[in-house]
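Report on the structure given below.
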Amino acid sequence: MDPDSELLLRLRSGDERAFVSLVERYHEPMLRLAASFVPSAVAEEVVQDTWLAVLRGLESFEGRSSLKTWLFRILVNRARSTGSKEQRTVPVADPEPAVDPSRFGGDGGWADPPEHWIEAAESRMEAGKLADRIRAWIGELPARQREVVLLRDVEGMSSEEVCAVLALTEGNQRVLLHRGRSRLRQLFEDEFREVR
Amino acid sequence: MKLLHRRDLVCRQAVELVTGYLEGSLSGRDRRRFEAHLAGCPHCTEYLAQMRETIRLTGRLEPEDLTPQMREEFTDLYRRWRSEQQ
Numbered sequence: 004m005d006p007d008s009e010l011l012l013r014l015r016s017g018d019e020r021a022f023v024s025l026v027e028r029y030h031e032p033m034l035r036l037a038a039s040f041v042p043s044a045v046a047e048e049v050v051q052d053t054w055l056a057v058l059r060g061l062e063s064f065e066g067r068s069s070l071k072t073w074l075f076r077i078l079v080n081r082a083r084s085t086g087s088k089e090q091r092t093v094p095v096a097d098p099e100p101a102v103d104p105s106r107f108g109g110d111g112g113w114a115d116p117p118e119h120w121i122e123a124a125e126s127r128m129e130a131g132k133l134a135d136r137i138r139a140w141i142g143e144l145p146a147r148q149r150e151v152v153l154l155r156d157v158e159g160m161s162s163e164e165v166c167a168v169l170a171l172t173e174g175n176q177r178v179l180l181h182r183g184r185s186r187l188r189q190l191f192e193d194e195f196r197e198v199r
Numbered sequence: 888m889k890l891l892h893r894r895d896l897v898c899r900q901a902v903e904l905v906t907g908y909l910e911g912s913l914s915g916r917d918r919r920r921f922e923a924h925l926a927g928c929p930h931c932t933e934y935l936a937q938m939r940e941t942i943r944l945t946g947r948l949e950p951e952d953l954t955p956q957m958r959e960e961f962t963d964l965y966r967r968w969r970s971e972q973q
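Keeping their order, the protein sequence lines are chains R and E.
Going by this note's numbering, the first sequence opens with residue 4, and the numbers climb by one from there.
Going by this note's numbering, the second sequence opens with residue 888, and the numbers climb by one from there.
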């Protein structure tokens, strides 16, 4: 049984520690996601409301989606109905290259090729000194890219689950993911270029 | 230097296909063009490795711990909810 289904059984049988572990696992990720829809002062409230809704909905949750997908769906629906902090109809189709075009020559080949940073990033991650930076970078992504990156890459959800939670088409999900990941890659490169 | 065919990708195009490639959503033709490009381009091979590493590092973020006070608040929330159920 996956850890979430076990948690669900314990929750339904009234195990308060199961609820606290669920909160332990998802509260902070939910706050980060909510903050992309509403101002952060309101995000706290939205997440609190979500936990209440989760408790109230436990009995009727049918397990047709994973517990995680269900939690994030409740959250996103609440965050959306609470009101958006920005115009959210930014067209996905706006061109936004993965790499600054000035790094390519006239023939479309690399003029300023990617600098190597993988090992440096690994060792800084091992030393526990990179996670906060990555969180900050994700926090600075445009809202829609951030939402997709948080769910796909931080939470490890599938593209189907992310589309269901955020009400996106597969194609738009992929475009947002591509832009978000491309920006993050650039930030890694910048970070390790500076320390040399 | 090998001759550039019209169907060959240039680096600027290849980097736009990386996510589609990793997602398995490229057409057979695009996938072959992408792979053919990588085979001859160490920079785009490096770029792909960096995108994979970006995903891997992002996936290693762990949720921050709740403060003891928050643990207490959520325990209370759960107990209040349980007592309303009875």
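Ideal Cβ placement from N, Cα and C applies to all residues, glycine included.
Asked                                                                                                                                                  : Found
To the nearest angstrom, report how far apart M888 of chain E and A926 of chain E are at their CA atoms.                                               : Because the pLDDT of M888 of chain E is 45, which lies under 50, any placement of that residue in the model is unreliable, and the question is left without a value.
Name, going along the chain, the residues of the stretch 95 to 115 of chain R whose beta-carbon falls closer than 8 Å to a beta-carbon of chain E.     : P100, A101, V102, P104, F107, D110, G111, G112, W113
Do we get a CB-CB distance below 7 Å when we pair R884 of chain E with the residues of chain R?                                                        : Outside the displayed range of chain E (888 to 973) lies residue 884 of chain E, so it cannot be described from this structure.
Opposite F107 of chain R in the DSSP bridges: which residues?                                                                                          : R:W113
Would you kindly report the start and end of the unbroken alpha helix (DSSP H) that includes A123 of chain R?                                          : 121 to 129
Taking C-beta pairs closer than 9 Å, name the residues in chain R that V908 of chain E reaches, listed in chain order.                                 : The question names Val, yet the displayed sequence has Tyr at residue 908 of chain E. Ordered by position in chain R, no residue passes the 9 Å Cβ test against Y908 of chain E, which lies about 10 Å from the chain.
Does the distance from the CB of T954 of chain E to the CB of V23 of chain R come in under 7 Å?                                                        : no
Please identify, using Cβ separations under 8 Å, the residues of the stretch 126 to 151 of chain R that lie next to chain E, in order along the chain. : M128, L133, A134, I137, R138, I141
Relative to the C-alpha of W73 of chain R, which candidate in R:E143, R:M160, R:M128, R:S43 has its C-alpha closest?                                   : R:M160
For chain R, find out if any of its Cβ atoms is closer than 7 Å to the Cβ of T962 of chain E; answer yes or no.                                        : yes
Beta carbons nearer than 7 Å to chain R: which residues of the stretch 923 to 939 of chain E have them?                                                : H930, E933, Y934, A936, Q937, M938
Less than 7 Å separating the beta-carbons of V149 of chain R and V165 of chain R?                                                                      : With the sequence shown as reference, residue 149 of chain R is identified as Arg, and Val is not the correct amino acid for it. It is not a contact, given that the beta carbons lie outside the stated cut-off.
At the level of alpha carbons, what is the spacing between L200 of chain R and R918 of chain E?                                                        : With chain R covering 4 to 199 only, the question about residue 200 of chain R has no answer from this structure.
Is G183 of chain R helix, strand or coil when you go by DSSP?                                                                                          : helix
Can you find a C-beta in chain R that's less than 7 Å from the C-beta of Q956 of chain E?                                                              : no
By Cβ distance, which residues of its chain are closer than 7 Å to A124 of chain R, with the 5 residues on each side in sequence left out?             : L133, F191, F195
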